[in-house]
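Trainee: Going down the list, the sequences are from chains A and B.
As numbered in my numbering, residues 1 to 461 make up the first sequence, in order.
As numbered in my numbering, residues 1001 to 1461 make up the second sequence, in order.
There's a structure below that I have some questions on.
2 protein chains.
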Amino acid sequence: MFTKEIYIARRNHLKSTLKSGILLFPGNGEMGMNCKDNWYPFRQDSTFLYYTGVNIPDVYFVIDVEKDEEILFGNNPTPEEIVWIGATTPLEELAAKAGIKKVKPLSELANYIKNGKQQAKVHYLPPYRSETTIQLSELLDVPVQEVAGAFSVALTKAIVAQREIKITEEVQEITKAVNITAEMHTYAIKNGNAGKTEKQIAGDLQAIAIGGGGNISFPIILTTNGQYLHNHATENLIKEGDLVLCDCGAETGMGYAGDMTRTFPASERFTTLQKEVYTIVLNAHNSAIDALKPGILFRDVHLLAATKLVEGLKGMGLMKGNVEEAVAKGAHTLFFQCGLGHMMGLDVHDMENLGEPYVGYTDTLKKSTEFGLKSLRLGKALKENFVITVEPGIYFNPFLIDAWKAQGKYTDFVNYEEVEKFKNFGGIRVEEDILITKEGSQILGNPLAKTVADIEELKNA
Amino acid sequence: MFTKEIYIARRNHLKSTLKSGILLFPGNGEMGMNCKDNWYPFRQDSTFLYYTGVNIPDVYFVIDVEKDEEILFGNNPTPEEIVWIGATTPLEELAAKAGIKKVKPLSELANYIKNGKQQAKVHYLPPYRSETTIQLSELLDVPVQEVAGAFSVALTKAIVAQREIKITEEVQEITKAVNITAEMHTYAIKNGNAGKTEKQIAGDLQAIAIGGGGNISFPIILTTNGQYLHNHATENLIKEGDLVLCDCGAETGMGYAGDMTRTFPASERFTTLQKEVYTIVLNAHNSAIDALKPGILFRDVHLLAATKLVEGLKGMGLMKGNVEEAVAKGAHTLFFQCGLGHMMGLDVHDMENLGEPYVGYTDTLKKSTEFGLKSLRLGKALKENFVITVEPGIYFNPFLIDAWKAQGKYTDFVNYEEVEKFKNFGGIRVEEDILITKEGSQILGNPLAKTVADIEELKNA
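This is the structure we're talking about:
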């Protein structure tokens, strides 16, 4: 239960960090698909939700830190609009639920900001929708092209420091999302069979997320081409023998996300080879989770997982040479091109719009620019009550294999002759959502089949 | 099958209408939900699809009418992007499928337009996404605030005249969408029972649309509050005795839409009263369809349906007085606040972004500003091969009833004392998708239960 005390405490904490200025939070509007009024599902800005809980379009929130004034700007529907949409909860009531005492019409926002910026700096976060960019340009009298660059680093850092630590109520809400996500996976494993299209399964998974009261937290990856990391469901028919990679998540009505991955056979059982690669990935996954605790650099956990993957691939004869050296030089990135995980919360990649330099790294720990590590969204030291994902994988990407073989890249560590045989194998990823605890970590949500044996049992149940 | 000849013919027709100028068609980009890269499902601009068939983000299409030059501007993925997304169909191949001979990198667009606009007028359609507005502002060196107002009326009119007439292949594709839509309704009628939430059913309907290869063509209306015209599915529990109004549609992978409405009981049977009102709506629906033919003003068909509704409501004792006079004065709008239907095609409200003055009306037939008629999207004379919806309804809106009763509005025609009893009744709408033929009209798609008897039979099958 997100009481008004929670929202008040969040805002008080932010005010005590910033100490001065006017904090301007644009809410999101409706977003047209093929015309202005045929809308995508409404998604409120996550930071807006975090400080206000107000989950409706076309509202702005302002905190004047010095005056200690908090105002929700927005319009209640006109009598004519009520004819079309029925009665809605009055803004005053929504504001009161979050302990916000003032509500003003949206038409007063421009003057409020115009006057306010004479007296104090106006802070805002990096905008990610063009609509918001145009609005900020008009409100602040800044050219459209300069809006993005003029966001407040101080506000961004303060909010990251606050949002990255999850309170009990947030963990409960994320757990709810994870449990719906696990239902989606249970369905996918049982029903992701030969003869169906990827989209048929993906549609059914979305139905489970919507039925759970929210929506999907990101576009569903349900694919027999798991070797491509961002491959969304297509009209491809699933065939016997295919490996199906399902990476999906639900978000709750409040906007908290789940994000899990399972890889399973379209047929009743994994092949021996599929089982072998799967076991390597699962071993890396478990080793990474075992290493999680406050204080450890997530970059180091990522490299530990990479080490486990290389050990396994070496055991299969796909890699060779010294394991630590292979990882240090990045040879594992032929198979594991991306990062081990990311923060999770009100966004599936939590606070992605605030920027990885602030969310995943620090002033002293900067993100690497090397292939592989440059895709690691989170590198910094973990803290108690972070919620993160752990999602190692092995991806046999035929384009990359061909390119690097032709370039003679990593020939000290890669047996290309063996790797060639896996160009049609696909990809495997295993992902859980995890809370960092005082001593270590805790996987969130109800257990979902993860070993080869458990997945095969669920598949054939 | 949409051959390249179809696309070539469409463009040639447009060129022969415009005769001069540079026609600039911005494709849509990906659209972030809660950050830039967590995307809503991609939806290409419909006019872009109409002339190019190219269904990918971040492309522009230009027709230089005088030079008779057609260019698709866009970028093939870089080798690194291929690592993440796999191989995609090259732009050159996509262009060739539509008979477009030139492809250039997106980076060349700005200079092309800069040079081109020295020599000829650049025509573009009204933009509906802020992203496009900003792009057009930069390309054409026009302030963001002035972009929308400077769209080309000549191009808009030419495209409306072309897109409103559906060719055989389009009717087939719309029929495919309608058939998937009918499957959604069949499911809703059978499963829209007490004890489920509106969102649970809506999620399942979306799964059917996605499984059909495309997506929903507009946000699903699945509600026990059908009296509010734009009421989307909520967490409301459906109860015994409720009327459930379902207004939903699938769009095919190509982007053609379906859009149907059925209203059905949550319980096994309609109540006597529900049956009575339903029959009035269905009678108006059938009478309107019977009147459809080339040449007739759709506004007149709308008023005919209104007349049938008033006759029925008078029979029930809810209205009184002279029927024609009641309709002429707008008394029916207490129960039927909106329009009878709209154009349908690549958009569910076809060409909505091009503007109702062009799509639904003419230079001589302007839209009324009166309550009711001002919500009629289509008023002009029908032509052979229009595809339209017919969707009359009766909506007992408690806010409107209270307001008009208090104002003493239409007391010559409304028995408020009787109407008061219906303030918790809800709303009923029945909608089909219809092709205007040479002699009359044809309902598209496989038949779907529509009479009281057929709906009850399907519900209990």
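No residue lacks a Cβ here, since even glycine has one placed at the ideal position from N, Cα and C.
Given the structure is predicted, the values throughout are model-derived calculations rather than measurements.
1. At 7 Å on the CB atoms, spell out the chain A contacts of E1456 (chain B), in chain order.
2. Looking at the unbroken alpha helix (DSSP H) that takes in S1441 (chain B), where does it start and where does it end?
3. Quick one: what's T89 (chain A) bridged to in DSSP?
4. Let me check understanding here. Comparing Cα to Cα, which of B:V1277, B:E1439, B:I1220, B:D1402 lies closest to G1393 (chain B)?
5. Mind checking the stretch 334-356 of chain A against chain B and listing, in chain order, the residues whose C-beta falls within less than 9 Å of any C-beta there?
6. List the residues that DSSP assigns as beta-bridge partners of Y1395 (chain B).
7. Evaluate the contact criterion for the stretch 1243-1258 of chain B versus the stretch 1177-1190 of chain B: three or more CB pairs, one atom per stretch, below 8 Å.
8. Under 7 Å, CB to CB, which of the residues in the stretch 211-235 of chain A have a partner in chain B?
9. Which residues of chain B have a Cβ atom closer than 7 Å to the Cβ of K199 (chain A), listed in chain order?
10. The alpha helix (DSSP H) spanning F264 (chain A) covers which residue range?
11. Who are I1388 (chain B)'s beta bridge partners in DSSP?
12. Of the choices B:A1087, B:N1193, B:L1273, whose alpha-carbon is the least far from that of N225 (chain A)?
13. Given that R1043 (chain B) touches chain A, what residues does it touch there, using C-beta distances under 7 Å?
14. Using a Cβ-Cβ cut-off of less than 8 Å, give me the residues of the stretch 386-400 of chain A that come near chain B, in sequence order.
15. As a quick exercise: from B:H1232, B:L1023, B:T1364, pick the residue whose alpha carbon is nearest that of P1126 (chain B).
16. Less than 9 Å between the beta carbons of F42 (chain A) and I56 (chain A), yes or no?
17. Grab me the residues of A288 (chain A)'s own chain with a C-beta within less than 7 Å of its C-beta, minus the 5 sequence neighbours each way, in chain order.
18. Given this structure, state the Cα-to-Cα distance separating S107 (chain A) from L91 (chain A), to the nearest angstrom.
19. Among the residues of its own chain, which have a CB less than 7 Å from the CB of I189 (chain A), if the five just before and after it don't count?
20. Just to check, is the beta-carbon of L292 (chain A) closer than 8 Å to a non-hydrogen atom of the ligand PLP?
21. Less than 6 Å between C-beta atoms, sequence neighbours within five positions excluded: which residues of the same chain meet that for F61 (chain A)?
22. Interface residues of chain B around S46 (chain A) at Cβ under 9 Å?
23. So, is the C-beta of P1447 (chain B) closer than 9 Å to a C-beta in chain A?
24. What did DSSP end up calling L1237 (chain B) once you bin it into helix, strand or coil?
25. How long is the line joining the alpha carbons of S46 (chain A) and Q442 (chain A), rounded to whole angstroms?
26. Just mark H1332 (chain B) as buried or exposed, buried being the case when its beta carbon has 16 or more other beta carbons within 10 Å.
27. Can you give, in chain order, each stretch of the beta strand (DSSP E) that sits fully within the stretch 208-253 of chain A and has at least 3 residues?
28. Counting only beta-carbon atoms, is Y128 (chain A) nearer than 9 Å to chain C?
29. Could you tell me the boundaries of the beta strand (DSSP E) in which P26 (chain A) lies?
30. Can you give, in chain order, each stretch of the alpha helix (DSSP H) that sits fully within the stretch 96-123 of chain A and has at least 4 residues?
31. If the cut is a Cβ gap below 7 Å, which residues of chain B does W84 (chain A) touch?
32. Tell me, to the nearest whole angstrom, how far the beta carbon of I1388 (chain B) is from that of H1342 (chain B); I am working on the premise that it is less than 8 Å.
33. For the beta strand (DSSP E) containing F61 (chain A), list its first residue and its last residue.
34. Just the chain A side, please: which residues come within less than 7 Å of N1322 (chain B) by C-beta, in chain order?
35. Check whether the stretch 412-427 of chain A and the stretch 318-331 of chain A touch, using three or more Cβ-Cβ pairs below 8 Å as the test.
36. Within 9 Å (strictly less), CB to CB, does A306 (chain A) reach chain B?
Mentor: Here's the rundown:
1. Position 456 of the second sequence holds residue 1456 (chain B). None at all; the shortest Cβ gap to chain A is about 26 Å.
2. Stepping through the second sequence from its first residue, residue 1441 (chain B) is reached at position 441. Not the alpha helix (DSSP H): S1441 (chain B) falls in the beta strand (DSSP E), residues 1441-1443.
3. As a first step, residue 89 (chain A) must be located in the first sequence, where it is residue number 89. Answer is none; T89 (chain A) lacks a bridge partner.
4. Along the second sequence, one-based indexing puts residue 1393 (chain B) at 393. For the residues B:V1277, B:E1439, B:I1220, B:D1402, the minimum Cα distance to G1393 (chain B) belongs to B:V1277.
5. Q337, C338, L346, D347, V348, H349, M351, E352, N353, L354
6. Taking the first residue of the second sequence as position 1, residue 1395 (chain B) is located at position 395. According to DSSP, Y1395 (chain B) bridges with B:G1427.
7. yes
8. G211, G213, F218, P219, N225, Y228, L229, H230, N231, E235
9. Mapped onto the first sequence, residue 199 (chain A) falls at position 199. Those are I1210, G1211, G1213, listed as they occur along chain B.
10. Against the first sequence, residue 264 (chain A) aligns to sequence position 264. It is not in any alpha helix (DSSP H) - F264 (chain A) instead sits in the beta strand (DSSP E) that spans 260-265.
11. Numbered from 1 along the second sequence, position 388 holds the residue referred to as residue 1388 (chain B). Its beta-bridge partners are B:M1343, B:I1434.
12. Here the question's residue 225 (chain A) lines up with position 225 in the first sequence. Answer by Cα proximity: B:A1087.
13. In the second sequence, counting from the first residue as 1, residue 1043 (chain B) sits at position 43. Ordered by position in chain A, the residues that pass the 7 Å Cβ test against R1043 (chain B) are M33, N34.
14. N397, F399, L400
15. Start at 1 with the first residue of the second sequence, and residue 1126 (chain B) comes out as number 126. It is B:L1023 whose Cα lies nearest to the Cα of P1126 (chain B).
16. The count along the first sequence starts at 1 and reaches residue 42 (chain A) at position 42. The count along the first sequence starts at 1 and reaches residue 56 (chain A) at position 56. Cβ distance < 9 Å, so F42 (chain A) and I56 (chain A) count as in contact.
17. Working through the first sequence from its first residue, we reach residue 288 (chain A) at position 288. Once the five neighbours on either side are set aside, the close Cβ partners of A288 (chain A) are V301, L304, A305, L340, V390, P392.
18. Taking the first sequence and counting its residues from 1, the one referred to as residue 107 (chain A) is at position 107. Taking the first sequence and counting its residues from 1, the one referred to as residue 91 (chain A) is at position 91. Taking the straight line from one Cα to the other gives about 15 Å.
19. Locating residue 189 (chain A) in the first sequence gives position 189, where the first residue counts as 1. If we look at I189 (chain A) and ignore the five residues flanking it on each side, its Cβ neighbours are R262, F264, A449, I455, L458, K459.
20. The model depicted lacks the ligand PLP and carries no ligand whatsoever.
21. Mapped onto the first sequence, residue 61 (chain A) falls at position 61. Hits under 6 Å: F25, T52, L72.
22. Counting from one through the first sequence, the residue named residue 46 (chain A) turns up at place 46. Simply N1034, C1035.
23. In the second sequence, counting from the first residue as 1, residue 1447 (chain B) sits at position 447. For P1447 (chain B), the answer is no, since every Cβ of chain A falls outside 9 Å of its Cβ.
24. Locating residue 1237 (chain B) in the second sequence gives position 237, counting from the first residue. Strand at L1237 (chain B).
25. Walking along the first sequence from the start, residue 46 (chain A) turns up at place 46. Walking along the first sequence from the start, residue 442 (chain A) turns up at place 442. For S46 (chain A) and Q442 (chain A), the distance between alpha carbons rounds to 24 Å.
26. Numbered from 1 along the second sequence, position 332 holds the residue referred to as residue 1332 (chain B). With 16 or more other Cβ atoms within 10 Å, it is buried.
27. 221-223, 243-248
28. Note that chain C does not occur in the displayed structure, where the protein chains are A and B.
29. Translated into positions along the first sequence, residue 26 (chain A) becomes position 26. Taken as a continuous stretch (DSSP letters only), the beta strand (DSSP E) holding P26 (chain A) covers 22-26.
30. 109-119
31. Against the first sequence, residue 84 (chain A) aligns to sequence position 84. By Cβ distance, chain B contributes Y1228, L1229, H1230.
32. Here residue 1388 (chain B) refers to the residue found at position 388 of the second sequence. Here residue 1342 (chain B) refers to the residue found at position 342 of the second sequence. Rounded, the Cβ-Cβ distance is 7 Å, consistent with contact.
33. Reading the first sequence from its first residue, position 61 is the one you call residue 61 (chain A). 60-64 is the extent of the beta strand (DSSP E) around F61 (chain A).
34. The count along the second sequence starts at 1 and reaches residue 1322 (chain B) at position 322. Those within 7 Å of N1322 (chain B) in chain A number zero; the least Cβ separation is about 26 Å.
35. yes
36. Here the question's residue 306 (chain A) lines up with position 306 in the first sequence. False, the Cβ-Cβ gap to chain B never drops below 9 Å.
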